[in-house]
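Position one of the sequence shown corresponds to residue 283 (this note's numbering), numbered consecutively onward. Working notes, beginning with the structure itself.
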Amino acid sequence: MNDTHLIQTTVKQAHLEEISHYIYAIVYPIVFLLGLIGNLFSSLVFSITKLQRTSCGVYFILLAVADSIALIGGLHHCLTIGYHVKVRNAIYCRVRNFLLYTAMDMASWMVVAISVDRFLKMKFPIKGRKYATRKLAIIVSCVITTVFVLKNAHLATPFIGDFSEDAADHCDPNPDYPNYMSFFKNVWPFIDLATFALFPFVIVTVCNAFIIRDQYKRRFKLRKRNLDHSLITLLLVSSISLIICNLPITILAVVYPYVSLSYDTNDTYDEVAFAFDILRLPSYGSLALNFYLYYYNSAVFRQQAVLLFKRIFRIPIERNEDIELTNRIPTDRTRFENRLYSIEESDEYQQISGSTSNDNSFISSFYRQN
């Protein structure tokens with residue numbers, strides 16, 4: 283009876299391992315390539331088109347860079363799970379762990395920075411546009427980067443690297459440091475859960491809830507028939523993707539050492555280890571799809587992306603295809619109120635707030651449908 287149960291368990295584990303193998307061997311490379319291409323174009327759009335003038339442009343560029351670094355770090359799982367390639371190199375493990383954790387944190391908090399920037403410009407339209415500039419965005423980005431470099435610095439030390447024969451992953455904590463192993467098992471998952479998922483989700487959700495509420499108020503105040511559905515969709519997706527794609531894997535990481543027989547060993551592969559490997563994919567997917575999300579939801583981003591493609595492939599551009607991101611104070615009161623409720627505008631507003639312009643030099647919202 284025990285032999286039969288053991289055989290069934292072994293067959294089940296082999297079946298789960300085979301599923302994980304094919305998923306990481308086939309699906310992850312597709313996610314990786316789509317993400318790398320999308321993030322490259324996203325960084326180009328926000329760095330060499332007119333969108334570089336916006337304060338949020340800095341955050342979007344760093345988000346694309348962080349997403350790409352995290353996807354590259356995820357190749358480790360593609361190699362170890364998908365192709366059974368074992369990397370026995372301490373320097374590789376330390377650099378990879380440090381860059382992956384830091385990039386994932388940065389990606390999460392760049393979304394926070396973008397949401398807070400939008401919220402401040404909605405809540406304090408005049409002061410928000412006066413102080414929320416590219417210069418401030420660079421300072422905020424440097425502070426966030428410094429915080430997470432310090433937070434994850436221990437991952438680049440000799441504490442990382444398990445090269446024993448039965449190690450679940452050679453980039454796990456070094457068994458020569460039992461106190462650190464205890465910290466990594468019992469404390470670190472809670473720190474990572476709070477900084478990577480919980481705090482960002484709460485902040486982004488609160489900011490986006492205020493922005494969406496303001497959109498409804500704006501609808502009645504300005505007697506608009508339709509809401510800015512593209513903006514609301516983008517805000518909702520940014521909140522939902524954080525909780526759906528990242529929260530499950532970080533919560534499982536907290537309980538994983540206590541409920542899985544596969545923790546710290548490659549001798550067995552249970553259902554919890556399988557779930558852990560599968561739940562990584564949505565998290566990586568969220569890093570890969572930002573460019574396509576922007577392109578689908580933002581008319582301004584879509585237009586600038588098309589112009590970028592035309593410039594790259596030397597396709598003639600009509601004058602009326604380009605747009606001007608400079609926002610000047612309009613003479614009409616309704617248009618002025620629209621500008622106050624806009625989500626994004628160029629920093630040039632600071633220098634030209636006393637002048638006027640025609641309709642062609644004004645866009646009321648960064649995320650506005652044609």
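In this text, a Cβ means the ideal position worked out from N, Cα and C, and glycines have one as well.
Is the distance from the Cβ of L353 to the Cβ of Y576 below 8 Å? no
Distance, Q290 Cα to S390 Cα: 41 Å
Skipping 5 residues on each side, what residues in its chain have a beta carbon closer than 7 Å to that of V327? L333, F583, Q586, A587, L590
At the level of alpha carbons, what is the spacing between S337 and G443? 40 Å
Rounded separation between M392 and T286 - CA only: 52 Å
Spatial distance of H452 from K368 (CA atoms): 8 Å
Anyone know if the C-beta pair for F314 and F573 falls short of 8 Å? no
Run of the alpha helix (DSSP H) containing V398, from where it starts to where it stops: 372-405
With P457 as the anchor, note down where its alpha helix (DSSP H) starts and where it stops. From DSSP, P457 is part of no alpha helix (DSSP H); its letter is neither H nor E.
Once the 5 residues before and after S521 are set aside, which same chain residues still bring their CB inside 6 Å of it? V486, T487, N490
When burial is assigned at 16 or more other CB atoms within 10 Å of the CB, is R378 buried or exposed? buried
Can you tell which of F481, P539, H297 has its C-alpha closest to the C-alpha of A395? F481
Closer than 6 Å by C-beta to R370: which residues in its own chain qualify, once you throw out the five before and the five after it? Chain order, please. F445, H452
Work out the CA separation of I597 and A557 for me, nearest whole Å. 47 Å
Among F595, D474, Q497, whose alpha-carbon lies nearest the alpha-carbon of V536? D474
Delimiting residues of the alpha helix (DSSP H) encompassing K332: First-last for K332: undefined, no H or E at that position.
K368 lies in the alpha helix (DSSP H); which residues open and close that run? Segment: none, K368 is in no alpha helix (DSSP H) and carries neither H nor E.
From what residue to what residue does the alpha helix (DSSP H) around N548 run? Where N548 is concerned, there is no enclosing alpha helix (DSSP H), given that its DSSP letter is neither H nor E.
Measuring CA to CA, which of P460, V431, M404, L381 is closest to Y498? M404
Taking only three categories from DSSP, how would you classify I442? strand
So, are the CB atoms of F430 and M388 less than 8 Å apart? yes
Endpoints, alpha helix (DSSP H) assigned at I525: No alpha helix (DSSP H) holds I525; DSSP gives it neither H nor E.
Rounded to the nearest angstrom, what separates N456 and I408 at their Cα positions? 53 Å
So is Y244 buried or exposed if we call it buried at 16+ other beta carbons inside 10 Å? It is not possible to answer for residue 244, since the shown part of the chain is limited to 283 through 652.
Alpha helix (DSSP H) runs wholly inside the segment 470-506, at least 4 long, in chain order: 470-474, 481-503
If I measure Cβ to Cβ from A372 and keep anything under 8 Å in the same chain, skipping five residues before and after, which residues do I get? P440, I442, G443, F445
Give the straight-line distance between the Cα atoms of V293 and H303, rounded to the nearest whole angstrom. 15 Å
From the DSSP output, in three-state form, read off P598 for me. coil
In whole angstroms, what is the alpha-carbon distance linking R593 and K417? 28 Å
C-alpha distance - F380 paired with A307, whole-angstrom precision: 24 Å
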